[in-house]
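Only one structure is covered here, and it is reproduced in the block below.
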Amino acid sequence: MTEPLGTQSLERIETMPLGIVVERRRGVTAWAEWSWRPVSVIPGAGPVDPPGRVLMEGEGWTHSHAVTLTLELFRTDTEGYRLNLSQDPPRLWVVMRPGPDGEELVPFTVTASAHEGEGYQVGADVVDTVPMPAEVIALVRDFVEQHHVDVPFHKRERKRHFEKDDRRQ
């Protein structure tokens, strides 16, 4: 059975697993012992077990494969992807939330949409960007070329509450 076109357009069309690499760095203030921020992604990464596998470390910092998240591309958000691809360089937005211990930040979702990334910045989530790797740029660019439809802008005509001749004085 075929779904109505309106329902199909909301479904995700393309996905790619991305390993999220997070930097844990010794805090520079008295209020935070550690700080966390995403630094890169690993395209096509498999699941990481246990989460937080250390990839590199130095004095006062570590880079770890925190988690693998799925980048989802939707037909309804091609304008957000186009906007992102027009930037130099294109970015991925990684949204992080406090972990179970309340101390560390854990990646929650990743998006290539400039609109969705901006939307997450309104709440209590921590949002940071990382450079978009070439493999992801190619996927997003191909997706936009296949699915983007320009929607013409139509200026709405203002509704008058009363006729010009009936103006209240």
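All residue numbers for the sequence shown refer to the UniProt record's numbering, where the first residue is 1 and numbers rise by one.
Don't be surprised by glycine CBs; every beta carbon is placed ideally from N, CA and C.
Note that the structure is a prediction, hence the values are computed from the model and not measured.
Candidates the options: which alpha carbon is nearest residue i's?
i, options, result
"Asp125", "Leu71, Pro100, Thr109 and Pro43", "Thr109"
"His147", "Ser86, Thr111 and Thr76", "Thr76"
"Val149", "Leu55, Tyr81 and Ser40", "Tyr81"
"Arg25", "Pro107, Arg37 and Val122", "Arg37"
What's the call for residue i, buried or exposed, on a 16-neighbour Cβ count within 10 Å?
i, result
"Thr70", "exposed"
"Pro90", "buried"
"Gly123", "exposed"
"Thr78", "buried"
"Val41", "buried"
"Gly102", "exposed"
Report yes if the CB atom of residue i is closer than 7 Å to the CB atom of residue j, and no otherwise.
i, j, result
"Glu23", "His65", "no"
"Val95", "Tyr120", "yes"
"Gly19", "Ala45", "yes"
"Pro43", "Pro131", "no"
Specify the secondary structure class of residue i as computed by DSSP and reduced to three states.
i, result
"Arg158", "coil"
"Asp142", "helix"
"Gly58", "strand"
"His148", "coil"
"Val48", "coil"
Report, in whole angstroms, the separation of the C-beta atoms of residue i and residue j, which I expect to be a contact under 8 Å.
i, j, result
"Leu92", "Thr129", "7 Å"
"Thr136", "Met16", "Strictly speaking, residue 136 in this sequence is Val, with Thr absent from that position. Contact flag correct, Cβ pair sits at about 7 Å."
"Val106", "Val67", "7 Å"
"residue 182", "Leu73", "Within the shown structure, residues of the chain are numbered from 1 to 169, placing residue 182 beyond reach of any answer."
The ligand FAD and residue i: does any heavy atom of the ligand fall closer than 6 Å to the residue's C-beta?
i, result
"Glu72", "Here there are no bound small molecules, and the ligand FAD is not part of this structure."
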